[in-house]
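Colleague: Residue numbers (this note's numbering): 1 to 293. C-beta: ideal position from N, C-alpha, C; glycine also.
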Amino acid sequence: MKNKKIFLTISAIFLVLTLLNFASAITIKDVESSPSEVAPGQRVDTTIRIENIFDYDVSNINVKMDLSTAPFAPHQSSSEKFLDALDSEEDEDFTFKLVALPETASGIYKIPVEITYEDNEGINKSKKETISLVVNSNPELKISLDDSATLIKGQENEISIKIINSGLSDVKFVYLTISDSIGINFLSEKEQYIGDIDSDDFDTIRYSAYISKTSSNLINTPVVLKYKDSTNKDFLETKTLSLRVYSLEEAQNLGIVEKPSYTLYYILGAIVLIYLVYRWRKKRRLRKLKEGR
């Protein structure tokens, strides 16, 4: 039993010494980026704070960011930083100036960081860590009305609304909700699900609506857009859609809507009139013939 305790004690000491041998004196204490989210083509300063957690000083510290698999490039700086020495329980900041590549898609990107140094016995050691940078820019959604449609008072109309993503980031889970206004009553479901809209792309949603005869020529109706960006951040925007409407007579006079053609009616009327005259003359001749007998 006593030998077993001695063995376990020795094993425990050996394990602790082994762990200390593999343990690193240097650790990443904090990472800060300014701005916290970088847009494609934008510059970002990333500061890595390292700390010496051991009770001895270290020297020849080298901090290197591996950008080979990340959509970033050094800007007016190097991807490596050096420090002669770092005392025990002290920390130091290493700031890297980077730029996100212009074609970078929004998302969270992991960047490997390798730290090498010499311990108090002059032995070279290294440690690998991973930091993350967020590429994102605020979405820019715009709405517009399909100009090909003419909206006429006193009848049901189809309204096509185009949702355009003019920003650099994709958006997802897009919902559009429209509301009735004075002079217009929407017959379709007011909330419509659109889905995803990529950057520099658009989607179209169609509504059926009745426009009253007494409505004004310009109807402003509120539209609510609800969506998420690529980092799942929620957005809620209210926009105003301006609808230009016409009476049927106005649309015809402006040439927007063709006036009905009455030529066919004139021809049919003339044929009927000729036929009636022919019948009348025929009856008259027959009556004269009967009177002459």
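1. In whole angstroms, what separates the C-alpha of Arg284 from that of Lys213?
2. My output table needs one value for Phe22: the three-state DSSP class, helix, strand or coil.
3. Which of the three DSSP states is assigned to Asn232 in this structure?
4. For Thr116, collect the residues of the same chain with a Cβ closer than 6 Å to its Cβ; drop the 5 residues on either side in sequence, then sort them by chain order.
5. Can you look up Tyr193 in the DSSP assignment and give me helix, strand or coil?
6. Pick helix, strand or coil for Tyr56, following the three-state DSSP scheme.
7. From the DSSP output, in three-state form, read off Leu273 for me.
8. Which of the three DSSP states is assigned to Ile152 in this structure?
9. Starting from the C-beta of Asn253, find all residues in its chain whose C-beta is less than 7 Å away, skip the five residues before and the five after it, and write them out in chain order.
10. Expressed to the nearest angstrom, what Euclidean distance is found between the alpha-carbon atoms of Glu156 and Ser216?
11. Measuring CB to CB, does Lys172 end up less than 7 Å from Lys97?
12. In its own chain, which residues sit with a C-beta less than 6 Å from the C-beta of Arg43, not counting the 5 before and 5 after it?
13. In the DSSP assignment, what are the bridge partners of Tyr109?
14. From Val245, Ile197, Ile184, pick the residue whose C-alpha is nearest to that of Ser208; which is it?
15. Taking the straight line between their C-alpha atoms, what separation do you get for Asn220 and Leu101?
16. Going along the chain, which residues of its own chain have a beta-carbon closer than 6 Å to the beta-carbon of Thr204, five neighbours each way excluded?
17. Which stretch, first to last residue, makes up the beta strand (DSSP E) that contains Asn185?
18. Leaving out five residues on either side along the sequence, give the residues of the same chain with a beta carbon under 6 Å from the beta carbon of Glu51.
19. Output needed for Ala73: all residues of its chain with C-beta closer than 6 Å, excluding positions within five of it in sequence on either side, in chain order.
20. List the endpoints of the continuous beta strand (DSSP E) containing Leu176.
21. Compute the distance between the beta-carbons of Ile131 and Val38, then report whether it is under 7 Å.
22. Find the nearest neighbour of Tyr210 within the set Val174, Ser179, Phe202, judged by alpha-carbon distance.
23. Would you check if the distance between the CB atom of Asn297 and the CB atom of Tyr56 is smaller than 7 Å?
24. Is it right to say Leu176 is buried, meaning 16 or more other beta carbons lie within 10 angstroms of its own, or is it exposed?
25. On the criterion of 16 or more Cβ atoms from any shown chain inside 10 Å, does Pro35 qualify as buried, or is it exposed?
26. Which residues in the same chain have their Cβ closer than 8 Å to the Cβ of Ser188, if we skip the five residues on either side of it in sequence?
27. With 16 other CB atoms within 10 Å as the buried threshold, where does Ile108 fall?
Modeller: Looking at the atomic coordinates:
1. Along the sequence shown, one-based indexing puts residue 284 at 284. Along the sequence shown, one-based indexing puts residue 213 at 213. So the two alpha carbons sit approximately 52 Å from each other.
2. Position 22 of the sequence shown, counted from the first residue, corresponds to residue 22. With a pLDDT of 43 at Phe22, under the threshold of 50, the modelled position of that residue is not reliable, and the figure given next carries that caveat. Three-state DSSP puts Phe22 in a helix.
3. Here residue 232 is taken as the residue at index 232 of the sequence shown, counted from 1. Coil, per DSSP.
4. The residue given as residue 116 occupies position 116 in the sequence shown. For Thr116, where only same-chain residues beyond five positions count, the Cβ hits under 6 Å are Asn62, Ser126.
5. Taking the first residue of the sequence shown as 1, we reach residue 193 at position 193. DSSP places Tyr193 in strand when its eight states are reduced to three.
6. Locating residue 56 in the sequence shown gives position 56, counting from the first residue. Coil at Tyr56, not helix or strand.
7. Here the question's residue 273 lines up with position 273 in the sequence shown. Helix, per DSSP.
8. As a first step, residue 152 is located in the sequence shown; it is residue number 152 there, counting from the start. DSSP places Ile152 in strand when its eight states are reduced to three.
9. Start at 1 with the first residue of the sequence shown, and residue 253 comes out as number 253. None.
10. Taking the first residue of the sequence shown as position 1, residue 156 is located at position 156. Taking the first residue of the sequence shown as position 1, residue 216 is located at position 216. Straight-line Cα distance between these residues: approximately 16 Å.
11. Working through the sequence shown from its first residue, we reach residue 172 at position 172. Working through the sequence shown from its first residue, we reach residue 97 at position 97. Their beta carbons are not under 7 Å apart, which means Lys172 does not touch Lys97 by this criterion.
12. Position 43 of the sequence shown, counted from the start, is the residue given in the question as residue 43. Result list for Arg43: His75, Val99, in chain order.
13. Counting from one through the sequence shown, the residue named residue 109 turns up at place 109. Tyr109 is bridged to Leu133.
14. By 1-based counting over the sequence shown, the position of residue 208 is 208. Minimum Cα distance to Ser208 is reached at Ile184.
15. Looking up residue 220 in the sequence shown gives position 220. Looking up residue 101 in the sequence shown gives position 101. Cα to Cα, the separation comes out at about 41 Å.
16. For the purposes of this step, residue 204 is taken as the residue at position 204 of the sequence shown. If we look at Thr204 and ignore the five residues flanking it on each side, its Cβ neighbours are Ser160, Lys162.
17. The sequence position of residue 185 within the sequence shown is 185, counting from 1. 184-186 is the span of the beta strand (DSSP E), which, as asked, contains Asn185.
18. In the sequence shown, residue 51 corresponds to position 51, counting from 1. Within the same chain, Glu51 has close Cβ partners Thr27, Lys29, Asp91.
19. Within the sequence shown, numbered from 1, the residue matching residue 73 stands at position 73. Cβ neighbours of Ala73 beyond the five flanking positions: Val99.
20. The residue you call residue 176 lines up with position 176 of the sequence shown. Residues 171-178.
21. On the sequence shown, residue 131 is found 131 positions in, with the first residue counted as 1. On the sequence shown, residue 38 is found 38 positions in, with the first residue counted as 1. No. Outside cutoff.
22. Locating residue 210 in the sequence shown gives position 210, where the first residue counts as 1. It is Ser179 whose Cα lies nearest to the Cα of Tyr210.
23. No information on residue 297 is available, as it lies outside the stretch 1 to 293 that the chain covers here.
24. Here residue 176 refers to the residue found at position 176 of the sequence shown. So Leu176 counts as buried.
25. Taking the first residue of the sequence shown as position 1, residue 35 is located at position 35. The residue is exposed, with fewer than 16 neighbouring Cβ atoms inside 10 Å.
26. Position 188 of the sequence shown, counting from 1, holds the residue named residue 188. Cβ within range, chain order: Arg206, Tyr207, Ser208, Ala209.
27. Looking up residue 108 in the sequence shown gives position 108. Answer is exposed; the Cβ neighbour count stays below 16.
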